[in-house]
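In what follows, a single structure is set out as structure tokens and then discussed.
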Amino acid sequence: MAEHPSFTLAGLLAVGGTVGYIRTRSTPSLIAGLGLGASYAYAGYLIKGNKDYGNELALGNSLVLLGSVIPRVIKTPTLTPVPLGLAAAGMLGTYYYEKKIREFKYGV
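Read left to right, the sequence shown gives residues 829 to 936 (my numbering).
This is the structure in structure tokens:
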């Protein structure tokens, strides 16, 4: 069950990065979207197979997503939906996978 958010974020980031590249020719959007999407997909694969470090990789991906979007949210004068959506996804992913790691480690 914990792999579903990871696979969902993988798809959304890959599609979002591709759309960002098509609309604005932004190569960093394409690289970041496909790279983080692939990393989330791999984390989902690890979680689904009950292999080691799947939740930790998903947490790291969420922190990278959150860390990369915070400066964008701060420097944008108006609240636009794309940075806010990315920030929300990063915060929710960070919270969810941190909770999963804590549950696994401490049984809480």
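All residues carry an ideal CB built from backbone N, CA and C; glycine is no exception.
key: Nearest to Pro-856 (by Cα), restricted to the options Ala-869, Lys-879, Leu-841   = Leu-841
inquiry  = DSSP three-state label for Met-919, please.
reply    = helix
ask   = Once you ignore the five residues that flank Glu-926 on each side, which residues in its own chain have a CB closer than 7 Å to its CB?
value = Leu-887
query = Excluding five sequence neighbours on each side, which residues of the same chain lie with their C-beta closer than 7 Å to the C-beta of Ala-830?
reply = Ile-875, Asn-883, Lys-928
message = Under 8 Å: do the segment 866–873 and the segment 905–913 share three or more Cβ pairs, one atom per stretch?
response = no
query = Which whole runs of the beta strand (DSSP E) in the segment 872–934 are 3 residues long or more, in chain order?
reply = none
task = Look at the alpha carbon of Leu-864 and the alpha carbon of Tyr-881, and state the distance between them as a whole number of angstroms.
result = 16 Å
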